[in-house]
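A quick write-up on the structure given underneath.
Residue numbers (our numbering): 841 to 1153.
Put into structure tokens, the structure is as follows:
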């Protein structure tokens, strides 16, 4: 494929756009992949929209736990909408060029929403920790004001860091091939095309990953260590089962999202392979958001009851 979007700077050729290769290596499967990803996208939109609606209209779900679940579902819609619509368009056309500005914008929103997801999952873990470990204090601690402050903090916290980080990445010269071997502008494949010194940015990736991914993940693990310890001290098996059931959905979502994210961004550069990177990206950008509404609906009796009531109307 011929490189386009070049401009000369002295003896250096830099690029003003990339070519998103996506799944161009399997031309016979373009139509099939379009159908699969379209169905998945619709499942994500419909599933999360239903959760947002029932957490707003059902009186039994007007609690902090479901307030955060509503925020999480809205976040999932935003998160997949950063990458999937562009992927669907690229599967239908030959021209897959994307300008540096569009690429930087996509990367920025992807990073911000990914950080927000880490923080909201942490806030949800804190909510379960207070509910199970300090049930008498729960209404006082998890009041409306704190819930709104926590949610706002989750949405806003990742914005300033990722503005600077994205700016640093796209300040680098891109003078090699401009074919981005990925289906969206993720950090590792974009950095592969940079011909400047990327050491500082690679160091920043580890620092930001620790702050945004690893620390929230450790806080969640700490919360669940306390939760499990408290549950095991409950006198009745019925009480233990009920307490576990309120946490199991969240724990499964945490394992899926953080597991694939940490493997993607914390693995050594020498182990980066195009196929594995693309697979992991598909997993945490598309597959996990598809399963989240199913996990929360099928494993949560309150949500199932509210959903049945809503659909029966």
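Each residue gets a CB set at the ideal place from its N, CA and C atoms; glycine is no exception.
Please state whether the Cβ-Cβ distance between residue i and residue j is less than 8 Å.
i	j	result
residue 1033	residue 1041	no
residue 1136	residue 1066	no
residue 1075	residue 887	no
residue 915	residue 953	yes
residue 883	residue 920	no
residue 878	residue 1020	no
residue 998	residue 1047	no
residue 1060	residue 971	no
residue 1128	residue 1100	yes
residue 940	residue 856	yes
residue 831	residue 1068	The first residue shown for the chain is 841 and the last is 1153, placing residue 831 beyond what the model contains.
To which residues of the same chain is residue i closer than 6 Å at the C-beta, ignoring the five residues directly before and after it?
i	result
residue 890	none
residue 913	888, 891 and 892
residue 1140	1089
residue 905	967
residue 1038	1031
residue 843	Summary for residue 843: the model assigns pLDDT 46, below 50, so the residue's position carries little reliability; its value from the coordinates is reported in the next sentence. Taken in chain order, the residues that qualify are 1018.
residue 852	With a pLDDT of 49 at residue 852, under the threshold of 50, the modelled position of this residue cannot be trusted, and the question is left open.
Please work out which residues of its chain come closer than 8 Å, Cβ to Cβ, to residue i, disregarding the five sequence neighbours upstream and downstream, and give them in chain order.
i	result
residue 850	Residue placement at residue 850 is flagged as unreliable, the pLDDT there being 45, under the threshold of 50; a coordinate-derived value is accordingly withheld.
residue 907	895, 987 and 991
residue 1035	1012, 1013, 1014, 1015 and 1016
residue 900	1142, 1145 and 1146
residue 1150	890, 893, 894, 897 and 898
residue 1009	944, 947, 1027, 1030, 1031, 1034 and 1041
residue 862	927, 930, 931, 936, 1022 and 1023
residue 973	1066, 1067 and 1070
residue 1043	none
Please check the pair residue i and residue j, which I expect to be a contact at CB under 8 Å, by giving their CB distance rounded to whole angstroms.
i	j	result
residue 1091	residue 1131	In fact, because the Cβ distance is near 13 Å, the residues do not count as touching under 8 Å.
residue 1018	residue 858	5 Å
residue 1071	residue 1084	6 Å
residue 1006	residue 1077	Rounded, the Cβ-Cβ distance is 51 Å, inconsistent with contact.
residue 922	residue 950	5 Å
residue 1147	residue 1023	Actually they are not in contact, since the Cβ atoms of residue 1147 and residue 1023 sit about 32 Å apart, beyond 8 Å.
residue 962	residue 1056	4 Å
residue 947	residue 1025	4 Å
Residues in its own chain within less than 7 Å of residue i by CB, not counting five upstream and five downstream?
i	result
residue 841	Reliability fails at residue 841, whose pLDDT of 42 lies under 50, so the model's placement of it is uncertain and the value that follows must be treated cautiously. Taken in chain order, the residues that qualify are 859 and 1019.
* To do: Evaluate the contact criterion for the region 915 to 934 versus the region 868 to 876: three or more CB pairs, one atom per stretch, below 8 Å.
  => The region 915 to 934 makes contact with the region 868 to 876; the number of CB pairs closer than 8 Å reaches 3 or more.
* To do: Can you check the region 966 to 1050 for any beta strand (DSSP E) of at least 3 residues that lies completely inside it and give the ranges in chain order?
  => Fully enclosed beta strand (DSSP E) runs of 3 or longer: not present.
* To do: Give a yes or no on contact between the region 975 to 984 and the region 948 to 960, applying the rule of three or more CB pairs nearer than 8 Å.
  => Segments in contact, no.
* Asked: Can you give, in chain order, each stretch of the alpha helix (DSSP H) that sits fully within the region 1052 to 1077 and has at least 4 residues?
  -> Listed in chain order, they are 1055 to 1072.
* To do: Scan the region 870 to 945 and note each continuous alpha helix (DSSP H) run of 4 residues or more that stays entirely inside, going in chain order.
  => Listed in chain order, they are 870 to 897, 904 to 921 and 924 to 932.
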